[in-house]
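Everything below concerns the one structure shown next.
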Amino acid sequence: MKRSKVKGKKETKHSSLIVRWVSIVALTIMVSFIVFSVVIYSVVGQQSLVQQKKTSTEMVVKLNESLNRIPHELQISNVVPALTPSTRNVLEGNPPITNDDHPGSAFNDDLLSSLTNPDLSVVVYNLEKEDVFDNGGPIPKFKHIKGDYSMESVYVKGHRRQIITYQKVRAAHSGKLTGYIVVANKMSYYNELMHDLLKWMVRISAIAIVVFILISYMIVRGVVRPIKEMSKVAREVNADPNSTARIRSFHRNDELQELAVSLNQMLDRMQRYIDQQKEFVGDVSHELRTPVAVIEGHLNLLERWGKDDPEILEESINASLQEAKRMQHLIQEMLDLTRAEQINVQYPNAVTIVADVLKRVAGDMGMVHQDFSIGLEMDDLPQDTEIQIYQGHLEQLLVILVDNGIKYSTTRKEINISAGLAQNDVHIIVQDFGEGISKEDQSKIFNRFYRVDKARTREKGGNGLGLSIAQKLVNSYHGKISVESVEGQGSQFIIEFPALTKKQAQTLRERAQSQKEAE
Ligand code: ADP
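One point on numbering: in full-length UniProt numbering, the residue at position 98 of the sequence shown is 98, and numbering is uninterrupted.
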């Protein structure tokens, strides 16, 4: 069930991330442009409309000023003479009066210029709503208004806007209604401007949206591609943990590249770990095969003959017990080996006085192996020299080396432990005078389960794990281990650790203390 579920999670075909991201960008830009366009459009429109209204109002005011001087109802006969001289001239078919006709006077006929404005259609109505004067443009319809003055904005065909202004004309001296003025402003400039503005805003918005969508698509694709690549590799490794698939370099200098490098490192580490585990399980099962076979052989023997033969019974039971003990020892060593790899996490701040541990181990080993002389020489080691290691581990290290020395000694039953401080490094040497190790084997003895002579070592109870454990321990504490040996003469195992200064040791102790308190 679980498998099919995982399998079902296929690669997203159309990257939803791209679609989502691009849609958001497009929408944001569209909304921003629409808001921006509406604001610009209405501000420009408003400004321009104010100007147009002003033109219409001025026209009406000027006409009214001329016509309210007429005391009676407006008629063709009284309207035309009431207009300015120049206007009259034009209306009578003569050229307008210019400054040249009145040299020296600043004559400027505003009414005329307004009446000749092609945008403005002017009509003067009498009380019977009959057209008594117009300037020739399309005649705006008469409409009753409530007050004396009114202005309205209307839309005519082609979405063009017009402003129509209505004004009742009253005789100046009596206030009697004499007629009506209606001025329609076509606002060609305004309508043209607004039309062009709208056209360009739509065009620019469309271009901007397309350009931004393209740009954001390219940017998002650049980000999504590495993510897709990573998820592809993750899927491959998920399907087959032994897969060698790795994320290729994106040739970019950013967080995604960093993530890819970290993921690759993690995959390599995982692979190494899997390989190590496989190797370890292989080695272990191989090592356990012999004791199990020996026990099985003895049990078979017992089954066939041993029940009646007390000698065989005794021998087989002893042999099986010995093998069981050996297996127990092997299992313990394997556990030690696995633990040795995680030591620096468990005891990060441990500090040990070297001389104390050396004395203790030498004494203990001497007690256990009374037939051996175990010497200790520490003349070159200040008594209070400290190194960064958990003391149990330093003991374990020394026991492994002394034990080996004893196991592989021949006639000269002597082990020398010596220690000294040189160039801030503590050297501990464990020397024996036994069989020694050939040059070829010296490079292999630290490998797991390696034994120079399998059969003989087995006799001595060795599993080939002691030196691997020792090496792992030393490495975990940033130390070094090496061997010097001459076949037939003996061996020297040398371990080195950096010595701690008083200050460093104090700091580590304080840290260990505060860690203890925190727990
Ligand atoms: P074992 O438990 O078999 O001793 P080690 O890892 O401690 O495993 O040692 C690996 C092999 O190195 C041993 O089997 C032995 O052949 C060789 N060896 C280790 N120490 C010594 C020594 N002091 N003298 C001679 N040979 C040694």
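Backbone N, C-alpha and C fix where the C-beta goes; we use that ideal spot for every residue, glycine too.
Boundaries of the alpha helix (DSSP H) harbouring His195: 188-239, taken from the DSSP string.
Judged by DSSP in its simplified three-state form, Leu17 adopts helix. Going by DSSP, Thr178 is part of no alpha helix (DSSP H) but of the beta strand (DSSP E) stretching over 177-185. A contact is defined here as three or more CB-CB pairs under 8 Å, and the stretch 131-141 fails this definition with respect to the stretch 195-214. By the Cβ-count criterion, Met378 is buried, with 16 or more other Cβ atoms from all chains shown falling within 10 Å of its own Cβ. Spanning the alpha carbons of Leu473 and Ala518 requires a straight line of approximately 27 Å. Residue burial annotation: Gly147 is exposed, with fewer than 16 other C-beta atoms found within 10 angstroms of its C-beta. C-alpha of Gln492 to C-alpha of His478: approximately 20 Å in a straight line. With three or more CB-CB distances shorter than 8 Å, the stretch 118-127 counts as touching the stretch 170-182.
For the pair Ser231 and Val22, the CB atoms are not nearer than the 8 Å cut-off. Judged by DSSP secondary structure, Ser249 falls outside any beta strand (DSSP E); it is assigned neither H nor E. With respect to the 8 Å criterion, Ser66 and Thr165 are not classified as neighbours on the basis of their beta carbons. With 16 or more neighbouring CB atoms inside 10 Å of its own CB, Arg448 falls in the buried class.
One alpha carbon belongs to Tyr347, the other to Leu302, and they sit about 49 Å apart. For the pair Ser188 and Gln162, the Cα-to-Cα distance works out to about 9 Å. Within the chosen limit of 7 Å, ligand 1 does not reach the beta carbon of Arg326 with any heavy atom. Contact between the stretch 365-383 and the stretch 322-340 is not established, with fewer than three Cβ pairs separated by less than 8 Å. Under the criterion of beta carbons closer than 8 Å, Ile495 and Leu421 do not qualify as touching, at roughly 13 Å. DSSP places Asn416 in the uninterrupted beta strand (DSSP E) bounded by 414-422. Val354 counts as buried, since at least 16 other C-beta atoms from the protein chains shown sit within 10 angstroms of its C-beta. Between Gln442 and Val486 the beta-carbon gap is near 10 Å, outside 8 Å, which marks them as no contact.
By DSSP's assignment, Met151 forms a beta bridge with Thr165. Residue state for Pro498 is assigned as strand, using DSSP reduced to three classes. Counting only the Cα atoms, Ala245 lies some 32 Å from Met334. Following the DSSP letters along the chain, one finds Val368 inside the alpha helix (DSSP H) bounded by residues 354-368.
Distance from Ser476 to Glu414 at the Cβ level is roughly 31 Å; contact not present, criterion being Cβ atoms closer than 8 Å. Not one heavy atom of ligand 1 falls within 7 Å of the beta-carbon of Asp336. In its chain, beyond the 5 residues on either side, Ala245, Ile247 have a beta carbon closer than 6 Å to the beta carbon of Val233. Only residues of its own chain outside the window of five on either side were considered, and among them Leu473 have a CB closer than 6 Å to the CB of His393, listed in chain order. Of the candidates Lys407, Ser468, Asn349, His251, Asn349 places its Cα closest to the Cα of Gln391. DSSP places Gln277 within a helical segment (H, G or I) once states are collapsed to three. For the pair Leu500 and Val223, the Cα-to-Cα distance works out to about 49 Å. For Gly434, the shortest separation between its Cβ and any heavy atom of ligand 1 lies below 7 Å. Residue state for Asp283 is assigned as helix, using DSSP reduced to three classes. For Gly375, the enclosing beta strand (DSSP E) starts and ends at 373-380.
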